[in-house]
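Below is one structure, written out as structure tokens; comments come after it.
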Amino acid sequence: MKITKIETFSLLIPDFDADACSSAQDNLVVKIHTDSGLFGIGETDTNPWGVKATIESPGTHAMARSFSDILVGKDPRNVEGLWHEMNEKTLMTSRRGLGICAIGAIDMALWDLCGKIYNQPVWKILGGSKKNFVTPYASLLPEGHTLEEYSKSLVEKTKAAKKLGFKAAKLEICIKGPYSHNNLQIDDDREFAKMVRLCREAVGDEMTLMADVAYAWQDWKSAKRALDMCEKENLFFIETPLPIEDLEGLNKLSHSVQTRTATGEMLQTRYECFETIIRGNVDVIQPDVGRVGGLTEAKRVCDFAEDKGVLVVPHCWKSAIGIAASAHLSATTTACPYIEFLPSELAESQLRKDLVLNELPVVDGKIYLPELPGLGIELNEDKLKKYLT
Numbered sequence: 367m368k369i370t371k372i373e374t375f376s377l378l379i380p381d382f383d384a385d386a387c388s389s390a391q392d393n394l395v396v397k398i399h400t401d402s403g404l405f406g407i408g409e410t411d412t413n414p415w416g417v418k419a420t421i422e423s424p425g426t427h428a429m430a431r432s433f434s435d436i437l438v439g440k441d442p443r444n445v446e447g448l449w450h451e452m453n454e455k456t457l458m459t460s461r462r463g464l465g466i467c468a469i470g471a472i473d474m475a476l477w478d479l480c481g482k483i484y485n486q487p488v489w490k491i492l493g494g495s496k497k498n499f500v501t502p503y504a505s506l507l508p509e510g511h512t513l514e515e516y517s518k519s520l521v522e523k524t525k526a527a528k529k530l531g532f533k534a535a536k537l538e539i540c541i542k543g544p545y546s547h548n549n550l551q552i553d554d555d556r557e558f559a560k561m562v563r564l565c566r567e568a569v570g571d572e573m574t575l576m577a578d579v580a581y582a583w584q585d586w587k588s589a590k591r592a593l594d595m596c597e598k599e600n601l602f603f604i605e606t607p608l609p610i611e612d613l614e615g616l617n618k619l620s621h622s623v624q625t626r627t628a629t630g631e632m633l634q635t636r637y638e639c640f641e642t643i644i645r646g647n648v649d650v651i652q653p654d655v656g657r658v659g660g661l662t663e664a665k666r667v668c669d670f671a672e673d674k675g676v677l678v679v680p681h682c683w684k685s686a687i688g689i690a691a692s693a694h695l696s697a698t699t700t701a702c703p704y705i706e707f708l709p710s711e712l713a714e715s716q717l718r719k720d721l722v723l724n725e726l727p728v729v730d731g732k733i734y735l736p737e738l739p740g741l742g743i744e745l746n747e748d749k750l751k752k753y754l755t
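In this note's numbering, each residue carries its 1-based index in the sequence shown increased by 366.
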């Protein structure tokens, strides 16, 4: 069996908001075709046109080969070998950045394809199952242009997530810093603590809550002061509290607060994840399968984290394709207590709701391991065409 073509699709909803902090508005989907008629699908979470250009660019150098030159004519079943070849032969373009995202989407598609070739779900061929189900947490993006509206929306979405059967939810409380939502800039961290408390009161102690602040605090002492204010609310983790490069500050924060520290959504390759685990002393590493370099690289991160006693909670704010990849990855490791899940019922993007015909169902707060071949999902080809740009 041979690879015959790499096909890319850049997608965008018509009413997108370039100022919004939601990457569910767009997508880059990859199809890997073979001479057997089988194909695999993958996606990545970054600017879709940039990745499309990276994948479709012609090769111009021994260290900047085209992805088609590398893959077309090759046996798709040698996934790890192809990952190494892509990484090695696109050194100029894919050491980090859009190139690694391209490799991530292609690698995801290759694993989906291999599952279809062997008539096995990806989790079986990726490493076998360490559990019977995976646990998704509902990722909640509030709406509102005032603090009052934003807080009310977050509380309502937290209650809605519990009603949908989720056992855990992540509170997006992005009200200060470089990526604050809807131009909110609330310097008083007591408002952060108040939102955490209101959500805890709304759903009770039986629901696991975590929070994402989108790199809000510029130093570890500020982060500590804010987290100390909501210690009683028992957050499972605090996501991206500090700038990505501040590993020294992350290390100090991890040692000084009760709440687990979590980061990793923007990290690329296992090496950046390893460094963050070691130097940052992070409690939870959050590789995004499409950004880190695909399932091949994400599995290496999981194995390393498991060996170091660090938890893995994959980032995923895209579509049911990435959610499925995270679920299969989670099944292969004991280090992963949750995966991120943007509920279609609570998502603002129609693309999140439309792209897949049969996304993995959440039953009583669990995703039971799929037995269908590959990632176990099917693209909605009509919607793929609808959002194509």
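We treat Cβ as the ideally placed atom computed from N, Cα and C, and that holds for glycine. Here the structure is a predicted model, which is why all the values come from computation and not from measurement.
Give the single residue among the options whose Cα lies nearest to the Cα of residue i.
| i | options | result |
| --- | --- | --- |
| K587 | L616, D571, I610 | L616 |
| A664 | M561, K751, W449, S460 | W449 |
| A628 | A577, N549, E599 | A577 |
| A535 | A527, R462, I541 | A527 |
| G740 | G470, R636, A475 | A475 |
| K732 | F532, C596, G406 | F532 |
| G439 | T410, T420, T400, W415 | T400 |
| I369 | L712, D441, R718, W583 | D441 |
| N746 | L723, P736, V728 | L723 |
| K749 | L530, F670, L717 | L717 |
| T459 | M429, N498, G447 | M429 |
| L754 | I372, M367, N393 | N393 |
| C682 | L735, E446, V655, C668 | V655 |
| A445 | L738, G425, V729, V488 | For the record, residue 445 in the displayed sequence is Val; it is not Ala. Residue V488 is the option with its Cα nearest to V445. |
| E522 | I552, R566, N413, D411 | R566 |
Beta-carbon within less than 8 Å of residue i's beta-carbon, same chain only, minus the 5 sequence neighbours each way: which residues are those?
| i | result |
| --- | --- |
| K525 | A568, V569 |
| K496 | A697, T698, T699, T700 |
| G465 | T420, T456, T459 |
| K719 | S710, A713 |
Write down the C-beta distance between residue i and residue j rounded to the nearest angstrom, noting that I regard them as a contact closer than 8 Å.
| i | j | result |
| --- | --- | --- |
| P607 | V579 | 6 Å |
| T625 | F603 | 6 Å |
| I483 | L404 | 6 Å |
| M561 | L593 | Not a contact, Cβ separation roughly 13 Å. |
| V729 | P502 | Rounded, the Cβ-Cβ distance is 11 Å, inconsistent with contact. |
| R636 | V667 | 5 Å |
Suppose the cutoff is 6 Å on Cβ atoms and the five residues either side in sequence are ignored; what does the same chain contact list for residue i look like?
| i | result |
| --- | --- |
| S696 | V500, C702, I705 |
| K622 | Before going on, a small fix: residue 622 reads as Ser here, not Lys. Here the set comprises K590. |
| M452 | I436, I469 |
| E509 | S519 |
| S546 | C540 |
| T574 | A534, F602 |
Is the beta carbon of residue i sitting closer than 8 Å to the one on residue j?
| i | j | result |
| --- | --- | --- |
| D435 | G659 | no |
| P653 | G630 | yes |
| G646 | L601 | no |
| C467 | V417 | yes |
| S388 | E714 | yes |
| I491 | Y516 | no |
| K506 | E557 | Here residue 506 turns out to be Leu, not Lys, going by the sequence shown. No, they are not a contact pair. |
| L677 | V650 | yes |
| R462 | Q634 | yes |
| I610 | I687 | no |
| V395 | I379 | no |
| A504 | F707 | yes |
| M367 | S402 | yes |
| E409 | K684 | yes |
| A693 | L726 | yes |
| T412 | R657 | yes |
| M595 | D555 | yes |
| N548 | H511 | yes |
Would you list the residues sitting across from residue i in a DSSP beta bridge?
| i | result |
| --- | --- |
| L394 | S376, T410 |
| D654 | H681 |
| H399 | K371, F405 |
| M576 | K536 |
| P502 | I705 |
| P487 | G740 |
| Y734 | F499 |
| R626 | F603 |
| A430 | H427 |
With a threshold of 7 Å (Cβ to nearest heavy atom), would residue i be considered close to the ligand COA?
| i | result |
| --- | --- |
| S389 | In the structure on display, the ligand COA does not appear, and there are no ligands present to speak of. |
Less than 7 Å between C-beta atoms, sequence neighbours within five positions excluded: which residues of the same chain meet that for residue i?
| i | result |
| --- | --- |
| P544 | Y581 |
| K414 | One point to set straight first is that residue 414 is Pro, not Lys, in the sequence displayed. So the list reads S376, L377, D392, N393, L394, once near-sequence residues are dropped. |
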